[in-house]
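S.K.:
Protein chains in written order, with this note's numbering: chain V, 736 to 901; chain L, 2 to 979.
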């Protein structure tokens, strides 16, 4: 069962996120005939970006998808205008990892998308206590660049981006 | 005599005072041998039995008991009576004496000459005088012995005595015994009288059994034994119903799973004994509990136990005989069930649909009356619901419902009234896109058809529907069950359908009819009827009387092939194929060929000869004989419609007309499918004609078939007969008289059987690579050499195929290939690369990995493969990439040395015009990122730069690979990465 678009878990009912609600992963994207047709141009779409973002939560051995941090409905991409917008939902409103999750998403997209794309990553409105501050940090190119100079921070980000080994 | 009695006295003395247990045996032996009687023994014991010490008395009794145990058979009735009186008297004595007394009594119960009334008196004394639990054992013995009605006289007193004696028992051994006794009491029909409730109480207090045997329990009593035994007691009599049913309802509320399970199983067991009047007042309570267990089920076991209980309950109610004034409790009960379940079936919320359906299904399966009541209540609303809703999830629920419907069909014929609407529902379900729904609908249809006599009409209307595959399968399943009905009804119907539908628009219907014919033909009888219809299609296509399309003719051929594959291997079907079908097909082909009608003759490419089955093979030899004489001598006598000219040389080239020469593909099918044990007649002549044909004919199908046929025969030919044949062949080859593909066919025939002459042939084949015109074709030929052959040279056609022939070829010839490559002029090198990549690509993957590093010329071979990457031919690039990829997972050191060349050649391929090359090269680049870090780190920046471009590839599949590869390369040498 795909639970996207379902009711978002309100953080108020849980005291901490040591034991998060786990959401089922959506199935593999189905291959269509046009996917294999050499002559057809496949635009980059929401699902493709969403699939790229199947990255690990720094606190849990689970992907952001399974934690419902990233949902496909909150991914907006326009190949023609070269823009990507992601809203992510921290597991609890006071999640201290929100900045790190946002940074990981941003780095992943920087590495995976062509240069022409303008990437905007921010928190789903109304789901985090310090939403504005985090959004501001993530939007600031220089601060992101500086953060990635910090090798211990980069280490955590890279760990999030390592392929899941099960 | 005096000596005997002295001996006896001494034996007694030694046993009683001397405590020598072995003396009991000696005494018993004396009694058996007639040295002394039991009465003498009692007399001799006199002193010890009257001793003031209870232990001495006990010892005395014990001796007597042990002797009795050995020789109870020889006692007279009088003696037994005296002994029983003696023992009963002893029971009143000191408690230490009780165990040997019981032992003696037990021995006495085994006597065949037990005097009348003694069992009763024995039990009376037991209940009166013995207060320990041990006596149960004895009771049981008495009991088992007494099969007569004697103990019943004791009646309620006995039951009471028993109840008292087992009250409060905790030892599992005694409990098991007590349950056994209680079970006997119940099963032998003892009058329980006013103690029914007591007996129930004293046993039911253990329900549900909660017992875990201690580890290394010497008695090995399991929980299951106790549970089963107790269940037999509780469920044993309807007299317990009024006590047991409330108890079960109460225990079902328990949170302990095992208690619930036990309760449900006990319920299932007990209702088989009960009548409706026993159940009447508890029905509502039972239903509430059962419903709760199924609706809120926590475990599958509980659920299925609950459903089984419901079935048992319903079947009990259905079975009961009604009085004129009693109400029909089945109706009452089913009303309850329906009231609670029906609305769930119609609710948009699907949560309870499935459990409700299961409950209804369980109730349905109990009896045909129940099934009738439920079906007539539920069906109309189900069908209405189906008709009114189309949403996907509703369909899903309907799928479940129809599953349920299917289960329901088995018990009865009550559905006749619903059949029309049900059929329409099933058919419309068949047209839906949901696959599982279709499957369900088909299986419903199957069961429906089994029920009704009119499968004919239902299947025919399926023909019109879109989903034929599932229906055709269903037809197949049905035909196996009802061959007679199919022959009588469906085949004529289909035949009419095929003949009637002439318009182009009905082509599809005709093809479906033919595949239905094929599907149903598994029984010999059906085959006899169905194949003429298909042959008729072919022959009317030939005469042109009906406008059959090419696809239909092919469909007819495929249908015949399918029949040959699936039909039962019997004498009858074998004859049908070899005496009727094959001659007919040959005749049709020959007619078309002689008329020079190439369009009509094309069907012969699809004719297929059965190659398996005992009877088929036996007859195949005869068919081969006829076919060979047809092709070599022009013998047409065995063909039907025999109006052919008498001398036709089918293997002779006749000008440009290849309409006749192509008939060789029929010969190929016929002789090459024979097992090696069957001799092909006129082999030498056949081979030489085939050889000539494959060299001289210009029509591709003809010379390829001739070469394949030649190859097939050579592959099976005995070793010695080949040499002269092949030397001649090699001569042809050297002079390029053969078409290249034919050469490879023959070479393959030899390679497969490891023939020594193959080496000579290989050299010729490699030399072809240097030829300006034939080189590219030869390179392609190696792919044919290494791949599985679909028609002739495979195990299905009984060809001689050795295992691992590919590996063998590779290890023997890779060196030659490398040599040839090095020696070849620049413009010929691509041929070698192509051949190499064709060969390596067909090797099993694990061989590629293990074989490459062990080859001595590995370095060269690798550089050859790398060279092949820069070959402009995309096919070569792709096959080289696909053989490189598994090697890269575990790279040999030699490869790491050539890393620069590898990366340098892989990166440009990521912008190849071919999508598959781009994907494969990106995968390889991904694999390289996992090489030892210090080796690949120098390439990081370069690779990352190069991979930026495929991130914007126009194909998504390429981008996905690029994203993954680039992510790995980013992690390389970065903190937290690799």
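Using N, Cα and C, we set each Cβ at its ideal position, and we do this for glycine too. Note that this is a predicted model, so its numbers are computed, not measured.
Measure the alpha-carbon distance for residue 700(L) versus residue 706(L) and round it to whole angstroms.
M.R.: 10 Å
S.K.: State the Cα-Cα distance for the pair residue 892(L) and residue 936(L), rounded to the nearest angstrom.
M.R.: 12 Å
S.K.: Does the CB of residue 896(V) have a neighbour CB from chain A at under 9 Å?
M.R.: Included in the structure are the protein chains V and L, with no chain A among them.
S.K.: Strictly below 9 Å CB to CB, what residues from chain L border residue 770(V)?
M.R.: Within 9 Å Cβ-Cβ: 956, 957, 958.
S.K.: Which residue wins for smallest C-alpha separation from residue 845(L), given the options 806(L), 930(L), 834(L)?
M.R.: Across the set 806(L), 930(L), 834(L), the C-alpha of 806(L) shows the shortest separation from the C-alpha of residue 845(L).
S.K.: Starting from residue 818(V), follow its DSSP beta bridges and name the residues at the other end.
M.R.: 813(V), 853(V)
S.K.: Can you give me the C-alpha to C-alpha distance between residue 200(L) and residue 89(L), rounded to a whole angstrom?
M.R.: In a straight line, the C-alpha of residue 200(L) is about 26 Å away from that of residue 89(L).
S.K.: Of the residues that make up the stretch 913–946 of chain L, which ones have a beta carbon closer than 7 Å to any beta carbon in chain V?
M.R.: 916
S.K.: Given this structure, state the Cα-to-Cα distance separating residue 949(L) from residue 300(L), to the nearest angstrom.
M.R.: Each residue's Cα considered, the two are about 53 Å apart.
S.K.: Determine the direct distance from the alpha carbon of residue 32(L) to that of residue 5(L), and round the result to whole angstroms.
M.R.: 11 Å
S.K.: Distance cutoff 9 Å, beta carbons only. Does residue 971(L) sit that close to anything in chain V?
M.R.: At least one chain V Cβ lies under 9 Å of residue 971(L).
S.K.: By the criterion of Cβ-Cβ separation under 9 Å, what are the contact partners of residue 168(L) in chain V?
M.R.: Under the 9 Å cutoff, chain V gives no residues; its nearest Cβ is about 51 Å from residue 168(L).
S.K.: Is the beta carbon of residue 956(L) closer than 9 Å to that of residue 781(V)?
M.R.: Contact: no.
S.K.: Between the stretch 275–286 of chain L and the stretch 303–320 of chain L, do three or more beta carbon pairs fall short of 8 Å?
M.R.: yes
S.K.: Please identify, using Cβ separations under 8 Å, the residues of the stretch 848–862 of chain V that lie next to chain L, in order along the chain.
M.R.: Answer in chain order: 848, 849, 850, 851.
S.K.: Please confirm if residue 786(V) has its CB atom under 9 Å from at least one CB of chain L.
M.R.: Yes, residue 786(V) lies at the interface with chain L (some Cβ there is under 9 Å from its Cβ).
S.K.: Is any non-hydrogen atom of the ligand MN found closer than 8 Å to the C-beta of residue 684(L), if you look at the structure I gave you?
M.R.: The ligand MN is not part of this structure, which contains no ligands at all.
S.K.: Using only CA atoms, which one of 746(L), 588(L), 311(L), 161(L) lies nearest to residue 716(L)?
M.R.: 746(L)
S.K.: By a C-beta neighbour count over all protein chains shown, 10 Å radius and 16 as the cutoff for buried, is residue 804(L) buried or exposed?
M.R.: exposed
S.K.: If we count Cβ pairs, one from each stretch, closer than 8 Å, do we get three or more for the stretch 765–779 of chain L versus the stretch 691–699 of chain L?
M.R.: Because the criterion of three Cβ pairs below 8 Å is not met, the stretch 765–779 of chain L and the stretch 691–699 of chain L do not touch.
S.K.: Leaving aside the five residues before and after residue 883(V) along the sequence, list all residues of the same chain whose C-beta is less than 6 Å from its C-beta, in chain order.
M.R.: 889
S.K.: Grouping DSSP H, G and I as helix and E and B as strand, with all else coil, what is residue 63(L)?
M.R.: helix
S.K.: Distance, Cα to Cα, residue 857(V) vs residue 881(V)?
M.R.: 19 Å
S.K.: Out of 863(L), 220(L), 797(L), point me to the one whose CA is closest to residue 816(L)'s CA.
M.R.: 863(L)
S.K.: Relative to the alpha-carbon of residue 824(V), which residue among 784(V), 799(V), 877(V), 768(V) has its alpha-carbon at the smallest distance?
M.R.: 799(V)
S.K.: To the nearest angstrom, report how far apart residue 191(L) and residue 41(L) are at their CA atoms.
M.R.: Taking the straight line joining both Cα atoms gives about 40 Å.
S.K.: Three or more C-beta pairs under 8 Å: does that hold for the stretch 814–828 of chain L against the stretch 784–801 of chain L?
M.R.: no
S.K.: What's the gap between the Cα of residue 522(L) and the Cα of residue 628(L)?
M.R.: 26 Å
S.K.: DSSP three-state label for residue 524(L), please.
M.R.: coil
S.K.: Which residues in the same chain have their Cβ closer than 6 Å to the Cβ of residue 416(L), if we skip the five residues on either side of it in sequence?
M.R.: Its pLDDT being 45, under 50, residue 416(L) is placed unreliably by the model, and nothing is read from it.
S.K.: Kindly say whether residue 952(L), judged by its beta-carbon, lies nearer than 9 Å to any beta-carbon of chain V.
M.R.: So yes, residue 952(L) belongs to the interface.
S.K.: Check whether chain L comes within 9 Å of residue 866(V), counting only Cβ atoms and requiring the distance to be less than that.
M.R.: Not one chain L Cβ lies under 9 Å of residue 866(V).
S.K.: Looking at residue 712(L): is its Cβ nearer than 9 Å to the Cβ of residue 834(L)?
M.R.: In this structure, residue 712(L) sits away from residue 834(L), with a CB-CB distance that is not shorter than 9 Å.
S.K.: Please identify the residue among 242(L), 310(L), 970(L) whose C-alpha is closest to the C-alpha of residue 280(L).
M.R.: 242(L)
S.K.: Residue 173(L) lies in the alpha helix (DSSP H); which residues open and close that run?
M.R.: 173–188
S.K.: Where does the unbroken alpha helix (DSSP H) through residue 249(L) begin, and where does it stop?
M.R.: 242–253
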